[in-house]
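*Asks:* Before anything else, here's the structure in question.
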Amino acid sequence: MLIDELEKGLDSPDEEIRMQAVGRLVDVSFMPEILPALKKAMADTSWRVRKSAINIAAAFQDEKALRSILALMVDSLHSEDNAGLRNSAVEGLTMLGRKAIPYLIKNLNDNDHDVRKFIVDTIGEIWANKDFHGADALSGEEQSVVDELIKATRDADENVRLSAIEALGKIGSQKAVNILLSIVEEGDAALKFTALEALGNIGRPVPMDGVYNVLSDRLLRRAAYDLIGKVGGLEALPYLLDGLKESSTSIREAAIVAVKRIAVSRGLSRLQIASSFLQLNPLTIEKIAASLESHDLNIKSGAVFILSLFDRRETALHLIKALGFDEIADEAKLALIRMGDKGLDVLIDAYPRQSENVRGILCNILGEIGSRKAENILFRALKDNYGHVRSSAAVAIAKVNTERAIPEIVNLLEDEFDDVRDAAVDALCLVEDNLKETVISAVLPLLSTADPSTREKVIILLGRIGGEEGIERLRLAIKDDSPAVRKAAVLAIEGMGDERYVQDIVLALADEDREVRLAAVKALGNTASREAVDSLLLTLKNEDEDDIWVKVASVESLGRIGQKDVVKAIRELVDKEEGILVIAAIEALGRIAVKEHKVAEEVRPLIARCISHNDAEVVKAAVDVLGKIGKDDIVSAVLPLLEHPNWDVRTHVVDVLSEEKTPFVRNCLEARFRIETDELVRHRILEALKGQ
34 MLIDELEKGL DSPDEEIRMQ AVGRLVDVSF MPEILPALKK AMADTSWRVR
84 KSAINIAAAF QDEKALRSIL ALMVDSLHSE DNAGLRNSAV EGLTMLGRKA
134 IPYLIKNLND NDHDVRKFIV DTIGEIWANK DFHGADALSG EEQSVVDELI
184 KATRDADENV RLSAIEALGK IGSQKAVNIL LSIVEEGDAA LKFTALEALG
234 NIGRPVPMDG VYNVLSDRLL RRAAYDLIGK VGGLEALPYL LDGLKESSTS
284 IREAAIVAVK RIAVSRGLSR LQIASSFLQL NPLTIEKIAA SLESHDLNIK
334 SGAVFILSLF DRRETALHLI KALGFDEIAD EAKLALIRMG DKGLDVLIDA
384 YPRQSENVRG ILCNILGEIG SRKAENILFR ALKDNYGHVR SSAAVAIAKV
434 NTERAIPEIV NLLEDEFDDV RDAAVDALCL VEDNLKETVI SAVLPLLSTA
484 DPSTREKVII LLGRIGGEEG IERLRLAIKD DSPAVRKAAV LAIEGMGDER
534 YVQDIVLALA DEDREVRLAA VKALGNTASR EAVDSLLLTL KNEDEDDIWV
584 KVASVESLGR IGQKDVVKAI RELVDKEEGI LVIAAIEALG RIAVKEHKVA
634 EEVRPLIARC ISHNDAEVVK AAVDVLGKIG KDDIVSAVLP LLEHPNWDVR
684 THVVDVLSEE KTPFVRNCLE ARFRIETDEL VRHRILEALK GQ
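Using this note's numbering, you'd call the opening residue of the sequence shown number 34 and step up by one each time.
Structure representation (structure tokens):
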């Protein structure tokens, strides 16, 4: 492509034309003449054009091209009037990775302090992206990078110095740690602050004396507490105690976060921490509790953790308040459960004044504590105006006094809300074995109620708690007037896992309701009995079954059972017109073939034929299965699909080919990239090439 045509394309007001012009650079062998055009593309107003130019620039491999590209990108860092070009240069240099570092170091003495800062920032990003973080065994070249960054900490420009400190934090070598510690002890306030943050990013244990010393400087306390939380241990707790007493909210909250971090990372027990904080007075606890209102989840969570250390009335009240914040409600709930009987009176006393959401959580907590002192409030909660409170109360009271609660919970099986009825089922399933007959006797009359939803819940309950009488009622429910009840009966019988009752599920295959038939088909797929297989095969041949989804489910169930003698029947479906049925057949054959080598040999040609199907979803399913059972010839089988008219198929094929790390596949992907017009497919090819 001639350079003037490239320039003309990049001058077009049409973004797509500019994209095409940049894309054609893939076909051009590197020559210095393309550099102005490449720079122009990197400065384009469209992020898509800029991104494409960066990817192409970073793809050139030979040494001469690399030197020129690096020079172009470093030069572009001087573009004060075009932030897009500057950002493109930073992104491109970062993408080039370690190859860019020698050139960046060479330009670290640039006269422009902004350029020096960009270079330092880029070196840090490259190091972070390449997973060198924390490495001590550095090569000579890598050690020279550390040395240059150490020099940059003494740069005339403060922003460069700060960036160098941040970069050292990303490198994390012992030499970097030592320099950062010396800055903490000797630098000015800004450098010390950044060095503390950098040490926190490294996250490895360091000598703490210097860190504790900077706590005397109020401006550095927050950063110091952040670091202490990340690398400190049990010995840091007295210093954190001082932080919790701070009048400054930001400093105090840094200490709050640090306490929990140390406890979690060091595996400290609550007793170890609580013993260090016994002298916290009510006023300090109030200040800590105020942080429950913070917008920062780490702070809120830290506050809950500290409040949970004390079995005091005031901390229990604060933890109840924390139940009102969704992000920390679970932590506060666990803390109150752990407090147990010590906080019980506070919970019972506070209950009536809470919102409906908190009342529901308090019911859960009272149920877990399990004290009969909570009986009265839980029985009242069964009649709460809010359904989710009734739900929580049902399960809770079943844990506190099951026998007394049975009649009240059975009443909830007729509640107006489905989730309350579900909770009633869950609650009744908690009864001890000696009370199961009592439950069954209490719920059987409800099978005569006119409400099908109530009958459905009773059937679900009977399926879960068992019993001979319950099983017989389940079998009868297969003939209930309500499809929902019949479906529940099928699922309940399946859940018992007893092959004696497979015939009852088989009868449901003839049900007039599609959902019941679907449930029966899926249930049979989980039984794996001979009777189930024969019945499912009959379903496939049944001309009266006009619901495609029932046949699809039958195929899936046969594939799940995985017996070889069903292969013939499933094979016949591959030639059907309905794409969804063909997909189910392909996937079922693949599932069986993975387990049976002979089946794999038998069905591979049939599935390979499906990659020519006119339904793109069928093609994708065939490619997936071939990838599992035909690994040896997968490349030759799917390669022609890079020409498929459907972009989604092409993307799918690229993903499959990306797993094959061979020069041949790489060449094929590069060739496709040159002519591919769909932007999503092009992006996927570039991602695949990175992994080659």
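Glycine included, C-beta positions come from ideal geometry on N, C-alpha and C.
Remember, predicted model here, so these are calculated numbers, not experimental data.
Identify the continuous alpha helix (DSSP H) that holds Phe-697 and give its terminal residues.
*Replies:* Here residue 697 refers to the residue found at position 664 when the sequence shown is read from its first residue. Phe-697 -> alpha helix (DSSP H) spans 696-708.
*Asks:* Within 10 angstroms of its Cβ, does Asn-397 collect 16 or more other Cβ (buried), or is it exposed?
*Replies:* For the purposes of this step, residue 397 is taken as residue 364 along the sequence shown, with counting starting at 1. Buried: at least 16 other Cβ atoms inside 10 Å.
*Asks:* Please say whether Glu-360 and Leu-330 have beta carbons closer to each other than 7 Å?
*Replies:* Numbered from 1 along the sequence shown, position 297 holds the residue referred to as residue 330. Numbered from 1 along the sequence shown, position 327 holds the residue referred to as residue 360. For Leu-330 and Glu-360, yes; Cβs fall inside 7 Å.
*Asks:* With 16 as the cutoff for other CB atoms within 10 Å, does Lys-490 come out buried or exposed?
*Replies:* In the sequence shown, residue 490 corresponds to position 457, counting from 1. Lys-490 is buried by the Cβ-count criterion.
*Asks:* Does the distance from the CB of Ala-368 to the CB of Leu-352 come in under 7 Å?
*Replies:* In the sequence shown, the residue the question calls residue 368 occupies position 335. In the sequence shown, the residue the question calls residue 352 occupies position 319. Contact flag set, yes.
*Asks:* Is the distance from the Cβ of Thr-317 to the Cβ of Lys-366 below 7 Å?
*Replies:* Taking the sequence shown and counting its residues from 1, the one referred to as residue 317 is at position 284. Taking the sequence shown and counting its residues from 1, the one referred to as residue 366 is at position 333. Not in contact: Thr-317 and Lys-366 (Cβ atoms no closer than 7 Å).
*Asks:* Do you know offhand how far Glu-113's Cα is from Arg-119's?
*Replies:* The residue labelled residue 113 in the question sits at position 80 within the sequence shown. The residue labelled residue 119 in the question sits at position 86 within the sequence shown. The straight-line gap from Cα to Cα measures roughly 8 Å.
*Asks:* For Val-523 versus Ala-553, is the C-beta distance shorter than 7 Å?
*Replies:* Working through the sequence shown from its first residue, we reach residue 523 at position 490. Working through the sequence shown from its first residue, we reach residue 553 at position 520. The answer is yes: Cβ separation under 7 Å.
*Asks:* Considering only residues of the same chain and omitting the five flanking positions on each side of Ile-430, which have a CB-CB separation below 6 Å?
*Replies:* One-based indexing of the sequence shown puts residue 430 at position 397. Leu-411 and Ala-438.
*Asks:* I need the straight-line Cα distance from Ile-306 to Glu-505, nearest angstrom please.
*Replies:* Against the sequence shown, residue 306 aligns to sequence position 273. Against the sequence shown, residue 505 aligns to sequence position 472. Taking the straight line joining both Cα atoms gives about 58 Å.
*Asks:* Check Phe-63 in the structure and name its three-state DSSP category.
*Replies:* Taking the sequence shown and counting its residues from 1, the one referred to as residue 63 is at position 30. Residue state, collapsed to three classes: coil.
*Asks:* Taking Cβ positions, are Ala-269 and Leu-229 nearer each other than 7 Å?
*Replies:* What you label residue 269 is simply residue 236 of the sequence shown in a count that begins at 1. What you label residue 229 is simply residue 196 of the sequence shown in a count that begins at 1. Taking 7 Å as the Cβ cut-off, Ala-269 and Leu-229 do not qualify as a contacting pair.
*Asks:* Mind listing, in chain order, the continuous alpha helix (DSSP H) runs of no fewer than 4 residues lying wholly within the region 629-670?
*Replies:* As far as the region 629-670 is concerned, its whole alpha helix (DSSP H) runs of at least 4 residues are 630-642 and 649-662.
*Asks:* Output needed for Glu-720: all residues of its chain with C-beta closer than 8 Å, excluding positions within five of it in sequence on either side, in chain order.
*Replies:* As a first step, residue 720 is located in the sequence shown; it is residue number 687 there, counting from the start. Cβ neighbours of Glu-720 beyond the five flanking positions: Ser-691.
*Asks:* When burial is assigned at 16 or more other CB atoms within 10 Å of the CB, is Ser-425 buried or exposed?
*Replies:* Taking the sequence shown and counting its residues from 1, one reaches residue 425 at position 392. Classification of Ser-425: buried, given that the 10 Å Cβ count is 16 or more.
*Asks:* Assuming Leu-350 and Ala-383 are in contact, meaning their beta carbons sit under 8 Å apart, how far apart are those beta carbons, in whole angstroms?
*Replies:* By one-based count along the sequence shown, residue 350 stands at place 317. By one-based count along the sequence shown, residue 383 stands at place 350. Going by Cβ atoms, the distance from Leu-350 to Ala-383 rounds to 7 Å, so yes, they are a contact pair.
*Asks:* Measuring only the C-alpha atoms, how far is Phe-165 from Ser-121?
*Replies:* Here residue 165 is taken as the residue at index 132 of the sequence shown, counted from 1. Here residue 121 is taken as the residue at index 88 of the sequence shown, counted from 1. Reliability of the predicted coordinates at Phe-165 is poor, the pLDDT of 47 falling under 50, and the value obtained from them is presented with this limitation in mind. Taking the straight line from one Cα to the other gives about 24 Å.
*Asks:* Assign Thr-282 to buried or exposed, taking buried as 16 or more other Cβ atoms, counted over all protein chains shown, within 10 Å of its Cβ.
*Replies:* For the purposes of this step, residue 282 is identified with residue 249 of the sequence shown, where counting begins at 1. Thr-282 is exposed by the Cβ-count criterion.
*Asks:* Can you tell which of Val-153, Cys-643 and Leu-214 has its C-alpha closest to the C-alpha of Ala-197?
*Replies:* The count along the sequence shown starts at 1 and reaches residue 197 at position 164. When only C-alpha atoms are compared, the closest one is Val-153.
*Asks:* I need the straight-line Cα distance from Tyr-272 to Leu-377, nearest angstrom please.
*Replies:* Within the sequence shown, the letter at position 239 stands for residue 272. Within the sequence shown, the letter at position 344 stands for residue 377. Distance between the alpha carbons of Tyr-272 and Leu-377: 33 Å.
*Asks:* Please classify Lys-601 as buried or exposed, where buried requires at least 16 neighbouring CB atoms within 10 angstroms.
*Replies:* By 1-based counting over the sequence shown, the position of residue 601 is 568. Under this definition Lys-601 is an exposed residue.
*Asks:* Taking Cβ positions, are Lys-293 and Gly-233 nearer each other than 7 Å?
*Replies:* Position 260 of the sequence shown holds residue 293. Position 200 of the sequence shown holds residue 233. Going by C-beta atoms, Lys-293 is not nearer than 7 Å to Gly-233.
*Asks:* Apart from the five residues just before and just after Gly-167, which ones in its own chain have a Cβ nearer than 6 Å to its Cβ?
*Replies:* Here residue 167 is taken as the residue at index 134 of the sequence shown, counted from 1. Confidence at Gly-167 is low in this model, with a pLDDT of 43, below 50, so the placement of that residue should be treated as unreliable; the coordinate-derived value is given next. Closer than 6 Å at Cβ, skipping near neighbours: Gly-205.
*Asks:* Count the other CB atoms, across all protein chains shown, that sit within 10 Å of the CB of Ile-718; report buried if there are 16 or more and exposed otherwise.
*Replies:* Here residue 718 corresponds to residue number 685 of the sequence shown, with the count starting at 1. Buried, since its Cβ has 16 or more Cβ neighbours within 10 Å.
*Asks:* Nearest CA to the CA of Ile-138: which residue from Glu-124, Glu-693, Thr-155 and Ala-521?
*Replies:* One-based indexing of the sequence shown puts residue 138 at position 105. Comparing Cα positions, the closest option is Thr-155.
*Asks:* Consult DSSP for Ala-483 and reduce its assignment to one of helix, strand or coil.
*Replies:* For the purposes of this step, residue 483 is taken as residue 450 along the sequence shown, with counting starting at 1. DSSP places Ala-483 in coil when its eight states are reduced to three.
*Asks:* What are the start and end residues of the alpha helix (DSSP H) that includes Met-75?
*Replies:* On the sequence shown, position 42 is the one that residue 75 refers to. That run of the alpha helix (DSSP H) goes 68-75.
*Asks:* Excluding the 5 residues flanking Val-583 on each side, which residues of the same chain have their C-beta closer than 8 Å to its C-beta?
*Replies:* Here residue 583 refers to the residue found at position 550 of the sequence shown. Hits under 8 Å: Arg-547, Arg-550, Leu-551, Val-554 and Thr-572.
*Asks:* Hey, how far is the Cα of Arg-346 from the Cα of Leu-248?
*Replies:* Taking the first residue of the sequence shown as 1, we reach residue 346 at position 313. Taking the first residue of the sequence shown as 1, we reach residue 248 at position 215. Computed Cα separation, rounded: 33 Å.
*Asks:* Using only alpha-carbon positions, find the residue among Ser-324, Glu-38 and Lys-723 that is nearest to Thr-695.
*Replies:* Working through the sequence shown from its first residue, we reach residue 695 at position 662. Nearest C-alpha to Thr-695: Lys-723.
*Asks:* Please name the residue, chosen from Leu-702, Val-297 and Glu-66, that lies closest to Arg-683 on a Cα-to-Cα basis.
*Replies:* To locate residue 683, count along the sequence shown from 1; it is residue 650. Selected option, being the one with the closest Cα: Leu-702.
*Asks:* Could you check the C-alpha separation between Val-290 and Leu-214 for me, to the nearest Å?
*Replies:* Position 257 of the sequence shown, counted from the start, is the residue given in the question as residue 290. Position 181 of the sequence shown, counted from the start, is the residue given in the question as residue 214. Between Val-290 and Leu-214, the C-alpha separation is close to 22 Å.
*Asks:* If the criterion is Cβ atoms closer than 7 Å, does the pair Ile-619 and Ala-655 meet it?
*Replies:* As a working note, residue 619 is residue 586 in the sequence shown. As a working note, residue 655 is residue 622 in the sequence shown. Yes. Within cutoff.
*Asks:* Report the option in Ala-104, Ser-309 and Val-607 whose CA atom is closest to the CA atom of Leu-639.
*Replies:* Position 606 of the sequence shown holds residue 639. Comparing Cα-Cα distances from Leu-639 to each of Ala-104, Ser-309 and Val-607, the minimum goes to Val-607.
*Asks:* Just verifying my parser: in three-state terms, what is the DSSP assignment at Lys-278?
*Replies:* As a working mapping, residue 278 is identified with position 245 in the sequence shown. Coil at Lys-278, not helix or strand.
*Asks:* Please say whether Arg-405 and Val-433 have beta carbons closer to each other than 7 Å?
*Replies:* For the purposes of this step, residue 433 is identified with residue 400 of the sequence shown, where counting begins at 1. For the purposes of this step, residue 405 is identified with residue 372 of the sequence shown, where counting begins at 1. Going by C-beta atoms, Val-433 is nearer than 7 Å to Arg-405.
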